[in-house]
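Asks: Okay, here's the structure, questions in a sec.
Numbering (my numbering), first residue to last: 32 to 490.
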């Protein structure tokens, strides 16, 4: 009987020892105050009388070495997992350790908060580099890594300049606003692939196209502004130059806005949009109209950071549209530099392109004089425009044998002569052009079908 009582008493003692809470001790081995029962961290922080939490690293406690911590919790990274003690502002000497057995072990610390719950993913806290392009040049990657290291070291009161053998980062004067969706969209191009594309396009430029390219790039690099009009008929390679200019500037991390007067033409440009959509030009522009762009808006900030504006098929637009853009850019950019108020397009480099032989602005029931009066070359802007010309028809000569080359050149010259008004007789203000017999389909019941068969045979 006595042996059974003694055995029961020993069992109760062992149970008490197993349930005894952990207590931190000082250097002398004495416990900090009285023993306290371990409680879940959420219960402690939710107390109304608990005014403040002070987290003390567990390594400061004598008994909690890093080796012991790793032995108990091998799945959590050293120095970063939930190794902390708690102290209140009321009792600075009492340290409570949370029961880590109640906290699920996760492979990544960032997904665990102090309550042991999985943190929710917040799209608003995405890293700013997520908006950048998928691939960067090696120099840019190196510089960004150095910037990250510099920021981490500054948080510890140090800097890369304290280590003479380490390279130092280069910080841009103007930091990119990653909250601006429009700017982020224009910077998400793959700069490595654009750099390779630019090298391939550059070697394919003709001598005539190279002169145009060099003239515009020089204006962009000088950053003093410029107004150009690239004049060339169909097939001279205007779109090819737009691609070369865009890749040259975008591969450096700068912004190019490519717009066109029509939706179809904008599809040929990388990142192209219609001019009305990009610049918020009024549909019924007047002599005093301005674009609907307010100072401080994302669109205005995008324009401030833009290096070049390319506007294709410009001759088909009313001159009031260009004048509205000019007034708007001057107003926006004058806050960056007061002298921009007196500079054309606020000091931005603007390149227009097109062919005046093609569609001009449409004026309902307008006379010839009405149409000429609203064209671009009737605007006050035209007096400050530098006209660049392309004359060589690349499209006709591409993939053609020498035997057909002469015929193609004659046909091209004949078309251009009609556009210049050099062929045809004027009768009562109406020009009549004689079409050569070899271009006419005679003795055919279905001319359209015959024309289609000829077209298929040629191509």
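Think of the CB as a built atom: it goes at the ideal place given N, C-alpha and C, for glycine as much as any other residue.
What residue does the beta strand (DSSP E) around residue 291 start on, and which one ends it?
Replies: Translated into positions along the chain shown, residue 291 becomes position 260. Looking at the DSSP string, the run of the beta strand (DSSP E) that includes residue 291 is 286 to 291.
Asks: Quick check: the Cα distance between residue 492 and residue 315, rounded to an integer number of angstroms?
Replies: Not covered by the structure: residue 492. The range shown for the chain is 32 to 490.
Asks: Based on the DSSP output, what are the partners of residue 17 in its beta bridges?
Replies: What the structure shows of the chain is the stretch from 32 to 490, and residue 17 is not part of that stretch, so it cannot be assessed.
Asks: So, under 8 Å CB-CB, residue 225 and residue 187 are touching, yes? Tell me the CB distance rounded to an integer number of Å.
Replies: The count along the chain shown starts at 1 and reaches residue 225 at position 194. The count along the chain shown starts at 1 and reaches residue 187 at position 156. In fact, because the Cβ distance is near 38 Å, the residues do not count as touching under 8 Å.
Asks: Starting from residue 383, follow the beta strand (DSSP E) in both directions and report where the run begins and ends.
Replies: As a working mapping, residue 383 is identified with position 352 in the chain shown. Counting along the chain, the beta strand (DSSP E) containing residue 383 begins and ends at 380 to 385.
Asks: Taking Cβ positions, are residue 439 and residue 263 nearer each other than 8 Å?
Replies: By one-based count along the chain shown, residue 439 stands at place 408. By one-based count along the chain shown, residue 263 stands at place 232. In this structure, residue 263 does not lie closer than 8 Å to residue 439 by Cβ.
Asks: If contacts are defined as beta-carbon pairs under 8 Å, then residue 278 and residue 291 qualify, I think. What distance do you get, rounded to the angstrom?
Replies: Taking the chain shown and counting its residues from 1, one reaches residue 278 at position 247. Taking the chain shown and counting its residues from 1, one reaches residue 291 at position 260. About 18 Å separates the two Cβ atoms, so there is no contact after all.
Asks: Given that a residue counts as buried once 16 or more other Cβ atoms are within 10 Å of its Cβ, and exposed if not, what is residue 355?
Replies: As a working mapping, residue 355 is identified with position 324 in the chain shown. That one is buried.
Asks: With a threshold of 6 Å on Cβ separation, who are the neighbours of residue 258 within its own chain once the five nearest residues in sequence on each side are excluded?
Replies: On the chain shown, position 227 is the one that residue 258 refers to. Taken in chain order, the residues that qualify are 375, 381, 415, 416.
Asks: Give me, in chain order, the residues of the same chain whose beta-carbon lies closer than 6 Å to that of residue 302; leave out the 5 immediate sequence neighbours on both sides.
Replies: Within the chain shown, the letter at position 271 stands for residue 302. Same-chain partners within the cutoff: 289.
Asks: For residue 371, collect the residues of the same chain with a Cβ closer than 6 Å to its Cβ; drop the 5 residues on either side in sequence, then sort them by chain order.
Replies: Sequence index remark: in the chain shown, residue 371 carries index 340 (1-based). Correct list, in chain order: 364, 365, 377, 378.
Asks: Note the first and the last residue of the continuous beta strand (DSSP E) segment covering residue 337.
Replies: In the chain shown, residue 337 corresponds to position 306, counting from 1. Taken as a continuous stretch (DSSP letters only), the beta strand (DSSP E) holding residue 337 covers 337 to 343.
Asks: Under 8 Å, with one C-beta from each stretch per pair, do the stretch 227 to 234 and the stretch 395 to 411 reach the 3-pair mark?
Replies: Segments in contact, no.
Asks: For residue 200 versus residue 181, is the C-beta spacing smaller than 8 Å?
Replies: In the chain shown, residue 200 corresponds to position 169, counting from 1. In the chain shown, residue 181 corresponds to position 150, counting from 1. In contact: residue 200 and residue 181 (Cβ atoms closer than 8 Å).
Asks: Between the beta-carbon of residue 247 and the beta-carbon of residue 276, is there less than 8 Å?
Replies: Looking up residue 247 in the chain shown gives position 216. Looking up residue 276 in the chain shown gives position 245. Their beta carbons are under 8 Å apart, which means residue 247 touches residue 276 by this criterion.
Asks: May I ask you to list the residues that DSSP assigns as paired with residue 417?
Replies: The residue you call residue 417 lines up with position 386 of the chain shown. Its beta-bridge partners are 259.
Asks: DSSP on residue 367, reduced to helix/strand/coil?
Replies: Reading the chain shown from its first residue, position 336 is the one you call residue 367. The answer is coil: DSSP assigns residue 367 none of H, G, I, E or B.
Asks: In the DSSP assignment, find the alpha helix (DSSP H) that holds residue 318 and state where it starts and stops.
Replies: Walking along the chain shown from the start, residue 318 turns up at place 287. No alpha helix (DSSP H) holds residue 318; DSSP gives it neither H nor E.
Asks: Can residue 251 and residue 280 be called in contact, C-beta distance under 8 Å?
Replies: Residue mapping note: residue 251 aligns to position 220 of the chain shown, counting from 1. Residue mapping note: residue 280 aligns to position 249 of the chain shown, counting from 1. Closer than 8 Å, so yes.
Asks: Any idea if residue 268 is buried or exposed, counting beta-carbon neighbours within 10 angstroms, 16 or more meaning buried?
Replies: The residue given as residue 268 occupies position 237 in the chain shown. Per the 10 Å Cβ criterion, buried.
Asks: Return yes when the Cβ of residue 386 is within less than 8 Å of the Cβ of residue 329, no when it is not.
Replies: Taking the first residue of the chain shown as position 1, residue 329 is located at position 298. Taking the first residue of the chain shown as position 1, residue 386 is located at position 355. In this structure, residue 386 does not lie closer than 8 Å to residue 329 by Cβ.
Asks: Using the Cβ count rule (16 or more neighbours within 10 Å means buried), how would you classify residue 389?
Replies: Translated into positions along the chain shown, residue 389 becomes position 358. Residue 389 should be labelled exposed.
Asks: Taking the alpha helix (DSSP H) that residue 279 falls in, what are its first and last residues?
Replies: Here residue 279 is taken as the residue at index 248 of the chain shown, counted from 1. From DSSP, the alpha helix (DSSP H) with residue 279 extends over 269 to 281.
Asks: Measuring straight from C-alpha to C-alpha, what distance separates residue 216 and residue 419?
Replies: Locating residue 216 in the chain shown gives position 185, counting from the first residue. Locating residue 419 in the chain shown gives position 388, counting from the first residue. Distance between the alpha carbons of residue 216 and residue 419: 31 Å.
Asks: Go through its chain and collect everything with a Cβ distance to residue 309's Cβ below 7 Å, but skip five positions before and after it.
Replies: In the chain shown, the residue the question calls residue 309 occupies position 278. Excluding sequence neighbours, residue 309 sits near 288, 290.
Asks: Could you tell me the boundaries of the alpha helix (DSSP H) in which residue 179 lies?
Replies: For this step, residue 179 is matched to residue 148 along the chain shown. Residues 169 to 186.
Asks: When burial is assigned at 16 or more other CB atoms within 10 Å of the CB, is residue 384 buried or exposed?
Replies: Within the chain shown, residue 384 is the residue found at index 353, counting from 1. Residue 384 should be labelled buried.
Asks: Does the distance from the C-beta atom of residue 350 to that of residue 410 stay below 8 Å?
Replies: One-based indexing of the chain shown puts residue 350 at position 319. One-based indexing of the chain shown puts residue 410 at position 379. In contact: residue 350 and residue 410 (Cβ atoms closer than 8 Å).
Asks: Taking just the CA atoms, how far does residue 333 sit from residue 469?
Replies: Stepping through the chain shown from its first residue, residue 469 is reached at position 438. Stepping through the chain shown from its first residue, residue 333 is reached at position 302. About 54 Å.
Asks: Can you list, in chain order, the residues of its chain whose CB lies under 6 Å from that of residue 141, leaving out five sequence neighbours each side?
Replies: Taking the first residue of the chain shown as 1, we reach residue 141 at position 110. Unreliable positioning characterises residue 141 in this predicted model, as indicated by a pLDDT of 40, which lies under 50. A coordinate reading is not provided.
Asks: At what residues does the alpha helix (DSSP H) containing residue 223 begin and finish?
Replies: As a first step, residue 223 is located in the chain shown; it is residue number 192 there, counting from the start. Counting along the chain, the alpha helix (DSSP H) containing residue 223 begins and ends at 222 to 235.
Asks: Please state the DSSP three-state secondary structure of residue 311.
Replies: Reading the chain shown from its first residue, position 280 is the one you call residue 311. Three-state DSSP puts residue 311 in coil, outside helix and strand.
Asks: Go to residue 477, then tell me how far its alpha helix (DSSP H) extends in each direction, as first and last residue.
Replies: To locate residue 477, count along the chain shown from 1; it is residue 446. Where residue 477 is concerned, there is no enclosing alpha helix (DSSP H), given that its DSSP letter is neither H nor E.
Asks: Once you ignore the five residues that flank residue 324 on each side, which residues in its own chain have a CB closer than 6 Å to its CB?
Replies: If you number the chain shown from 1, residue 324 lands on position 293. So the qualifying residues of the chain are 311, 330, 331, 359.
Asks: In angstroms with no decimal places, state the Cα-to-Cα distance between residue 265 and residue 444.
Replies: Taking the first residue of the chain shown as 1, we reach residue 265 at position 234. Taking the first residue of the chain shown as 1, we reach residue 444 at position 413. The straight-line gap from Cα to Cα measures roughly 12 Å.
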